[in-house]
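What follows is one structure encoded as structure tokens, with my remarks underneath.
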Amino acid sequence: MKKSIFLLSLSCALLLSTGCSSKEAVVKKDLHALHATHHWSYEGESGPLHWGDLKKEYFMCKEGKNQSPVDITDARNITKKHIQFRYFIGGKDVIYNGHTVQVNYKKGSFITIDGHTFELKQFHFHTPSENTVNGEHFPMEAHFVHQDKDGNLAVLAVMFKEGPANPELDKIIASLSPKMGVDTPLKNQANASALMPMDVDYYRFNGSLTTPPCSEGVLWAVFKKPVTASKAQINAIAKEIGHPNNRPVQPINARLITQ
Ligand SMILES: [Zn+2]
């Protein structure tokens with residue numbers, strides 16, 4: 001149980017929270033209800049425009065200056081090293097947590113980026129994409145969430161466009177459960193590498209979790225080359241999620257996007 005809480009805390013879809021606070025003298029009744037259930041969503045009064053007001057712990061959602069997602073444009077050319085992968089097949093179970101479809105990963109898969117090593121914890125999906133490229137969304141984006149030994153996060157993002165089916169996605173889709181919050185083991189464990197492009201050139205920037213509490217200090221790398229999934233596969237994942245789950249793009253402010 002403790003372990004699963006730990007893993008969930010890494011998720012972009014963070015549901016854990018305790019207590020509630022309302023410092024304002026006048027707080028709408030329905031906002032109290034939101035506090036009580038710690039509820040956030042992708043539309044209406046608990047949607048992205050209000051995340052920063054739902055709980056004091058979510059203050060970065062409105063105060064942060066390095067928020068994700070972003071529109072990727074005007075990337076600065078730099079000499080950068082390739083990301084080194086030491087991945088094993090280890091996507092072991094899938095869960096729909098009310099915000100996304102997430103595949104939890106076995107221990108032991110790592111990336112190294114600029115000499116810094118992070119372990120793959122989970123990956124999950126957004127339909128449509130959260131980050132955009134020159135203002136354009138892709139129909140789906142996968143986030144591979146990694147953590148270093150000090151708890152710092154690195155997210156690799158893969159864009160999906162419509163095309164040939166990706167057999168690796170079928171392993172996940174086959175185990176989707178209509179029930180929320182149920183971990184369903186994958187009959188055949190998923191291989192994160194098989195969901196990534198062959199060409200691993202990427203855009204890089206600093207950002208945040210794209211869901212409350214919108215914590216910053218996250219290293220983002222978005223692969224330039226999309227991979228394909230069939231329309232039916234994208235629809236299957238979007239149907240499971242049940243609603244668009246993309247936070248609107250956030251101001252870039254003083255950040256540089258490099259490539
Ligand atoms: Zn995400």
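Under my numbering, think of the first position of the sequence shown as 1, with each following residue one higher. For glycine and all other residues, C-beta sits at the position ideal for the given N, C-alpha and C.
Proximity to F205 [Cα-Cα], best of S175, P197, N253 and M198: Looking at S175, P197, N253 and M198, the one whose alpha-carbon comes closest to that of F205 is N253.
H137 beta carbon near ligand 1 (any heavy atom closer than 6 Å): Outside the cutoff, so no.
When we look at the beta-carbon of M196 and count the other beta-carbons within 10 Å, is it buried (16 or more) or exposed? Classified as buried, M196 has 16 or more neighbouring CB atoms from the shown chains inside 10 Å of its CB.
Alpha carbon to alpha carbon, what distance is there between S230 and A165? Distance between A165 and S230, taken at the CA atoms: about 4 Å.
Let me know the alpha helix (DSSP H) ranges lying completely inside the segment 52-81, each 4 residues or longer, listed in chain order. The alpha helix (DSSP H) runs of length 4 or more contained entirely in the segment 52-81 are, from start to end of the chain, 60-63.
Quick one: grab the DSSP three-state call for G44. Correct three-state label for G44: helix.
Closer than 6 Å: H143 CB and nearest ligand 1 heavy atom: At least one heavy atom of ligand 1 sits closer than 6 Å to the Cβ of H143.
Does ligand 1 have even one heavy atom less than 6 Å from the beta-carbon of T210? Ligand 1 approaches T210 closely enough that one of its heavy atoms is under 6 Å from the residue's Cβ.
By the three-class DSSP mapping on this structure, what secondary structure does N253 have? Reduced to three states, the DSSP call for N253 is coil.
For Q233, name the three-state secondary structure that DSSP assigns. In the structure shown, Q233 sits in a helix (DSSP, three-state: H, G or I).
Buried/exposed call for P69, threshold 16 Cβ in 10 Å: P69 should be labelled buried.
Going by DSSP in three states, N246 sits in which element: helix, strand or coil? In this structure, N246 counts as coil in the three-state DSSP scheme.
So, is P226 buried or exposed, given that buried needs 16 or more other C-beta atoms within 10 angstroms? By the C-beta density criterion, P226 is buried, having at least 16 other C-beta atoms within 10 angstroms.
Among the residues of its own chain, which have a CB less than 6 Å from the CB of P128, if the five just before and after it don't count? Around P128: H137, P139 and N246.
Determine which residues share a DSSP beta bridge with V222 and list them. BP columns for V222 point to A157 and Y203.
Using C-beta distances below 8 Å, list every residue in its chain close to M198, excluding the 5 sequence neighbours before and after it, in chain order. The beta carbon of M198 sits closer than 8 Å to those of K225, all from its chain and outside the five residues before and after it, given in chain order.
Would the beta-carbon of Y203 fall within 7 Å of that of I257? Yes, they are a contact pair.
Spell out a yes or no on whether the segment 55-75 and the segment 165-185 are touching, meaning 3 or more CB-CB pairs, one atom from each, closer than 8 Å. Taking a contact to require three or more Cβ pairs closer than 8 Å, the segment 55-75 and the segment 165-185 do not qualify as touching.
Straight-line gap, R76 to Q259 (C-alpha atoms, nearest Å): Computed Cα separation, rounded: 6 Å.
Enumerate in chain order the residues of its own chain whose CB-to-CB distance from S109 is below 8 Å, with the five nearest sequence positions on each side excluded. Contacts found: R86, Y87, F88, G90, E119, L120 and A192.
If you reduce the DSSP assignment to three classes, tell me which class A33 lands in. Unreliable positioning characterises A33 in this predicted model, as indicated by a pLDDT of 40, which lies under 50. A coordinate reading is not provided.
Which of helix, strand or coil does DSSP assign to P167? Shown here, P167 sits in a helix according to DSSP, grouped into three states.
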